[in-house]
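J.: Residue numbering for the sequence shown follows the working numbering, starting at 25 and increasing by one per position.
Beta carbons are placed, not taken as given, at the ideal position from N, Cα and C, and that holds for glycine.
The following block contains the structure, expressed as structure tokens.
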Amino acid sequence: MGYWIHLKRSLDQAMMHRDRCLEIPSGPHRADYWQGGWEEYPDKDSALDALENTDATSQLKCPVCKP
25 MGYWIHLKRS LDQAMMHRDR CLEIPSGPHR ADYWQGGWEE YPDKDSALDA
75 LENTDATSQL KCPVCKP
């Protein structure tokens with residue numbers, strides 16, 4: 025199972041999602057520095073490491089899919 029990190033730089037927030045979460049967009053993912061974006065990770069450990077290494081002050085886990 026894969027995991028996703030959604031980085032919202034304008035809100036200074038990063039959120040981790042499971043691969044099949046309803047909040048993950050189905051279309052192409054666009055990312056830039058100021059808006060943030062979506063990044064995929066192959067396992068939970070690498071996703072947690074990436075979440076901890078973001079510069080966002082608010083690091084959350086999705087309340088919908090509860091990773």
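How far does the alpha helix (DSSP H) with residue 34 in it extend, from its first residue to its last?
T.: Counting from one through the sequence shown, the residue named residue 34 turns up at place 10. Element bounds for residue 34: n/a, residue is neither H nor E.
J.: Taking DSSP as the reference, what is the three-state secondary structure of residue 72?
T.: Taking the sequence shown and counting its residues from 1, one reaches residue 72 at position 48. In the structure shown, residue 72 sits in a helix (DSSP, three-state: H, G or I).
J.: Which residues bound the beta strand (DSSP E) around residue 26?
T.: Position 2 of the sequence shown, counting from 1, holds the residue named residue 26. Residue 26 -> no beta strand (DSSP E), and no H or E assigned at all.
J.: Using 10 angstroms around the beta-carbon of residue 53, count the other beta-carbons present and answer buried if the total reaches 16, otherwise exposed.
T.: Your numbering for residue 53 matches position 29 in the sequence shown. Residue 53 is exposed by the Cβ-count criterion.
J.: Considering only DSSP beta bridges, list what residue 82 is partnered with.
T.: Translated into the one-based positions of the sequence shown, residue 82 becomes position 58. Paired residue(s): 37.
J.: Let me confirm a value: residue 75 is counted as buried when at least 16 other C-beta atoms fall within 10 Å, else exposed. Which label applies?
T.: Taking the sequence shown and counting its residues from 1, the one referred to as residue 75 is at position 51. By the neighbour-count rule (16 or more Cβ atoms within 10 Å), residue 75 is buried.
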